[in-house]
Structures are given as structure tokens and as C-alpha cells.
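Worksheet: the structure to be examined is printed underneath.
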Amino acid sequence: METKEEHAGAAWDELKYIRQAVDFLIIPQKSKRTLEQIRKTICPV
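The numbering of the sequence shown is UniProt numbering, which starts it at 1 and goes up by one.
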């Protein structure tokens, strides 16, 4: 069971970058937002 959870965690980490790219592509009104606003939307850390 440990191995499956380990792979799932690693896969989720890899998908994070794809998710961020998709989020960037679908942000409405990108041209009216500042870089900081876009960054906070994509990477809220």
C-alpha cells in the first residue's frame, strides 16, 4: 500500500506544473491584471 501512495504523491507533484499552466491559460482578462495578481491566482503560496 505504501508504494501506491508514494507514486500517487509523486504523480500529483508532477501534475502541479501542468495545472498551473492550464490555470494561466484560462485566467479571464489577463490583459487587465498585474503580474502579481496572476501569480497569486496560479501559485497562492
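Just so you know, even glycine gets a beta-carbon here, dropped at the ideal spot from N, CA and C.
In the three-state DSSP reduction, residue 34 falls in the coil class, being neither helix nor strand. The beta carbon of residue 32 lies closer than 8 angstroms to none in the same chain, with the five residues before and after it left out.
For residue 44, the closest C-alpha among the options 24, 14, 29 is that of 24. Spanning the alpha carbons of residue 37 and residue 18 requires a straight line of approximately 19 angstroms.
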